[in-house]
Structures are given as structure tokens and as C-alpha cells.
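Visitor:
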Amino acid sequence: MFWIFLKMETHMAIASWGRSYYPCGKKTSQKRKEIMKNIAIVIGTRPELIKMAPVMHELMKRKIPFSFIHSNQHYSKELDGNIIRNLDLPSIDEHLDVGSGLHGAQTGKIMESIERLWTKHTPHIAIVHGDTNTTLGAALAAAKMHIPVCHVEAGLRSFDNAMPEEINRILTDRISDVLFTPTETSKEYLLKEGVDPEKIVVTGNTVVDALLQHIEIARKKSAVLRTYTLEKNHYACVTMHRPENVDSKKQLEKGIELLVVLSKELGYRLVFPIHPRTQQALEKWQIHVPAQYITVIPPVDYLDTLILLENAVLVITDSGGIQEEAYMLKRPLITIRTSTERPETLSANVIVGLDKKKAIAAWRAYKKGWGKWGNELGDGHAAEKIVDVLERMVKKGKR
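With our numbering applied, the sequence shown corresponds to residues 195 to 593, in that order.
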């Protein structure tokens, strides 16, 4: 496999440290420009933004400078702006304006943009998160420039190579110098793949940090239940946006049929914060969503999402992050995918694909008391453990 030739040892990468870096983003203040940034954080989607927020907070708490780069793989000024404000994050230093597109083209644009930026202003450490095209593109650019790569949420595996994310996470793990795994299970996957155990740090999942830090704020600030006249345990919450569910008319119609069947079985309506991709598909194929069963609402921010999940009698999703959040909030969960890279949730998460019979059986099992929730995803201190390592790397890398 080609990633073997890209693999590099940490001590080789550290030898290239010591170069100054400052961001040249459109929104960067002059004061922030004057501070050397040892660490570059690259994100491209809203889930990455939420999950990296605790790491950024911990870096700011310790007064460790960093640059904040957004590829704009998925970007909405309103939605991303709300997250940045709600999570009290600094402004984005650099927008790469990559936009959407085919996987190869998008990943290539990210690599090209990152390389151009870092040729002028080279960070000492590059941090990527998760499994998006931004993750892989930024990691490849950093590795080729001999910049140490730290991968947050490393080691997740669905064992389904039909998922683009599976390819992204495997390749990113292969070229990363430090792999921050959320669980012992993800560590074991990496060890079985031959990853040097010295490179692996089990931290817990930063999504736990984010949820614990903001759930009380959400309970105080969110008005989403009042806005849509929702009562606790009298509705189900749905998210559906993955390409295999919405990029085919047949599959999307099948997904809507499953939701209608579940609504009838529950006796409650389903609240469906619509993803832009899903909305466009519904409009393109003029697919009808029965309002008596499914209430489609505009996308909601992070705080509203937490409240919708916490008060739902059931969560139905194809999102990895929502699987984690629903599990932490102890909500019965049905995942409308054929696999999951979050096996820790499977004691209260039923994988059904778009099979109506399996979905109904799952709900009936929950009604009978099935489901067990634990704290396998972490204790809320993942960011501290990550920044402990980053702090040591920065100090070691200074001349």
C-alpha cells in the first residue's frame, strides 16, 4: 500500500521544527498575527468544529498559541458562526474556500491550499480530526512537508471500505506521528494494524468534553422545544444526510418510508432538522414528506441539537457524532446505516440500515427495557490529555 512509503517516525519529523509561523487569515487580528503559532488546527466540517472546541479551549487556557484553519469543505457562515459564538471560539484565521466537489478533487484542493499556506508560514505541529477529506488532505500535506501530524479521534474502524470516511481514517492514521484514540478499542485496532504503540495515546473522546461543557448552557439558553411545541419523550429526533441515504432517489424515498413507519409505531411525530444536502435532494426529486408524521425544521445549532436529543424518546440517525451524543445522553438509538465505527455504543444502538422491520423490532426491544449505557467514550478530560502531549511536543521542538 502506498501509505507505507509516506509513513515517518516522530523523531525524524521533530528535526524539522523551529520555524516561525503566523496565520494570514482574513479575520486575524494584528495582535494574533504577531504571535508565533507552533500548532495549526485544520478543520472542515461542523462536527470537527464541535469536537475540536475543547482542545482549542484548553490551548487558550494554557496560553499556547495556535492557528485555526477552515478548509470550507462544508461551510455556512450562519451555522458555523453560531457554533463559534456558542462555543466561545476564536475567529477563523484562514479560510481555504475549497468548497464541495468530488472526493479526489476536494482532497487535492485541500492539499494544494494547505501546502501553499504552510510553505510561507510553517507550523511545528499539524492537528487534524476525524475522517473527512479535510482530515486526509491536511495530513498528507503536512506529512509531505515533514510536519508532525497529530490525529484526534484516531483508530475508529467501520470495516466498510465502501465508506469514504473509512479510507480517510485509515490513511490518516498511517501517516500520523501521534494518534489520539478515543477508546481502548480504537487503540487495539491500531495495534493490530502494526502501529507503533509509542505513537498511541488513549484520551477519551472530545465529544464528551464538548457535551459536558455545554449541556447546562443548552438547557438554559435553548428555546427549541418551545419553538416547535415539543414535549419531553413525546417526539423522536431524526438526522439523515449521508450520501448512501440521500444521493439516490430510491434510497431517499426508502428512508422517508422508514421514518413514516417508525412514527406510526411510536405514536409520536418525528422532528427532522434538515441537512442542506438532504433538503436539496428532496427538492430535486420532489419527494413528499408527510407532515402528519415528520416535522421538517431548518438546521439547528449545537445547543439546540443537544436539547432535541436529550428530550427525544428515540433518536434515529446516520451520523457518527449523533450516535455518540445520543449514547451519552442515554437515549434509545437507531442507526440507519449498515455499519458503525462506534462499537462502544452498540449496547444501546441498533444498526438497521433502511430496513423497516429491523427498525420496528429495535423500538419494541427498547420499549421492553433493552439498552445499557456506560461511560466508554470518556470522562470529559480528553482535551486536557491531548494538550498535555502537545505541550510537551512544543517544548521539545523548540531550539
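Heads up, the beta-carbon is just placed ideally off N, CA and C, and yes, glycines get one too.
Verify whether the separation of the beta carbon atoms of M250 and L296 is less than 7 Å.
Guide: No, the pair does not count as a contact, with Cβ atoms beyond the cut-off.
Visitor: From G331 to G324, what distance separates their C-alpha atoms?
Guide: C-alpha separation (whole angstroms): 12 Å.
Visitor: So what does P358 bridge to, in DSSP terms?
Guide: Answer is none; P358 lacks a bridge partner.
Visitor: Hey, would you say H345 sits closer than 7 Å to V322, going by beta carbons?
Guide: The answer is yes: Cβ separation under 7 Å.
Visitor: Would you give the residue range spanned by the beta strand (DSSP E) that A320 belongs to?
Guide: Counting along the chain, the beta strand (DSSP E) containing A320 begins and ends at 319-323.
Visitor: In three-state DSSP terms, what is Y422?
Guide: Reduced to three states, the DSSP call for Y422 is coil.
Visitor: For the candidate residues A556, E410, V402, M254, whose alpha-carbon lies nearest to that of E347?
Guide: The candidate whose alpha carbon is nearest that of E347 is V402.
Visitor: List the residues that DSSP assigns as beta-bridge partners of E288.
Guide: Beta-bridge pairing links E288 to I263.
Visitor: Can you tell me the Cα-Cα spacing of K458 and Y487, whole angstroms?
Guide: Between K458 and Y487, the C-alpha separation is close to 7 Å.
Visitor: Considering only the alpha carbon of each residue, which of G449, A412, K443, I481 lies closest to I277?
Guide: Minimum Cα distance to I277 is reached at A412.
Visitor: How is R368 classed by DSSP in three states: helix, strand or coil?
Guide: Helix.
Visitor: Here's the rule I'm using: 16 or more other beta-carbon atoms within 10 Å means buried, otherwise exposed. How should W312 be labelled?
Guide: Buried.
Visitor: Is K470 helix, strand or coil when you go by DSSP?
Guide: Reading off the sequence, residue 470 comes out as Pro, not Lys. Three-state result, P470: helix.
Visitor: May I ask you to list the residues that DSSP assigns as paired with H345?
Guide: Partner(s): V322, L373.
Visitor: Within its chain, find whatever has a CB closer than 8 Å to the CB of W557; leave out the 5 residues flanking it on each side and keep chain order.
Guide: Closer than 8 Å at Cβ, skipping near neighbours: L456, E459, L460, L508, P526, I528.
Visitor: Which value, in whole angstroms, describes the spacing of the CA atoms of E578 and T397?
Guide: So the alpha carbons of these two residues sit roughly 9 Å apart.
Visitor: So what does I510 bridge to, in DSSP terms?
Guide: Its beta-bridge partners are V432, I528.
Visitor: Alpha carbon to alpha carbon, what distance is there between A417 and D495?
Guide: Near 11 Å, if we compare the C-alpha coordinates of A417 and D495.
Visitor: Bridge partners of V588, per DSSP?
Guide: According to DSSP, which records beta bridges pairwise, V588 is partnered with nothing at all.
Visitor: In three-state DSSP terms, what is D569?
Guide: Note that residue 569 is Asn in the sequence shown here, rather than Asp. In the structure shown, N569 sits in coil (DSSP, three-state: anything other than H, G, I, E or B).
Visitor: Grouping DSSP H, G and I as helix and E and B as strand, with all else coil, what is N543?
Guide: N543: strand per DSSP, three-state reduction.
Visitor: Around the C-beta of D371, are 16 or more other C-beta atoms found within 10 angstroms, so that it is buried, or is it exposed?
Guide: With 16 or more Cβ atoms within 10 Å of its Cβ, D371 is classed as buried.
Visitor: Would DSSP call R463 helix, strand or coil?
Guide: Three-state DSSP puts R463 in a strand.
Visitor: According to the neighbour-count rule (16 or more other Cβ atoms, all chains shown, within 10 Å of its Cβ), is A475 buried or exposed?
Guide: By the 10 Å Cβ count, A475 comes out buried.
Visitor: By Cβ distance, which residues of its chain are closer than 6 Å to E203, with the 5 residues on each side in sequence left out?
Guide: The predicted position of E203 is uncertain, since its pLDDT is 38 and thus under 50; no value can be drawn from it.
Visitor: So, for S533: in the same chain, excluding its five sequence neighbours on each side, which residues have a beta-carbon less than 6 Å away from its beta-carbon?
Guide: Excluding residues within five positions, the ones whose Cβ falls inside 6 Å are S352, D354.
Visitor: Give the straight-line distance between the Cα atoms of Q480 and Y560, rounded to the nearest whole angstrom.
Guide: Cα to Cα, the separation comes out at about 34 Å.
Visitor: Secondary structure at V402, three-state DSSP: helix, strand or coil?
Guide: Helix.
Visitor: According to DSSP, what are the bridge partners of I501?
Guide: For I501, which the question treats as bridged, DSSP gives no partner whatsoever.
Visitor: What separation, rounded to the nearest whole angstrom, lies between the Cα atoms of H315 and D291?
Guide: Rounded to the nearest angstrom, the two C-alpha atoms are 18 Å apart.
Visitor: Do the stretch 249-265 and the stretch 515-526 make contact, defined as three or more Cβ pairs closer than 8 Å?
Guide: Not touching, per the Cβ criterion.
Visitor: Between the beta-carbon of Y429 and the beta-carbon of Y462, is there less than 7 Å?
Guide: Result yes, Cβ atoms of Y429 and Y462 sit closer than 7 Å.
Visitor: Helix or strand or just coil, what does DSSP make of I554?
Guide: The answer is helix: DSSP assigns I554 an H, G or I state.
Visitor: For V494, does the three-state DSSP call read helix, strand or coil?
Guide: Reduced to three states, the DSSP call for V494 is coil.
Visitor: Decide if N399 is buried, meaning its Cβ has at least 16 other Cβ atoms within 10 Å, or exposed.
Guide: Looking at its Cβ environment, which holds 16 or more other Cβ atoms inside 10 Å, N399 is buried.
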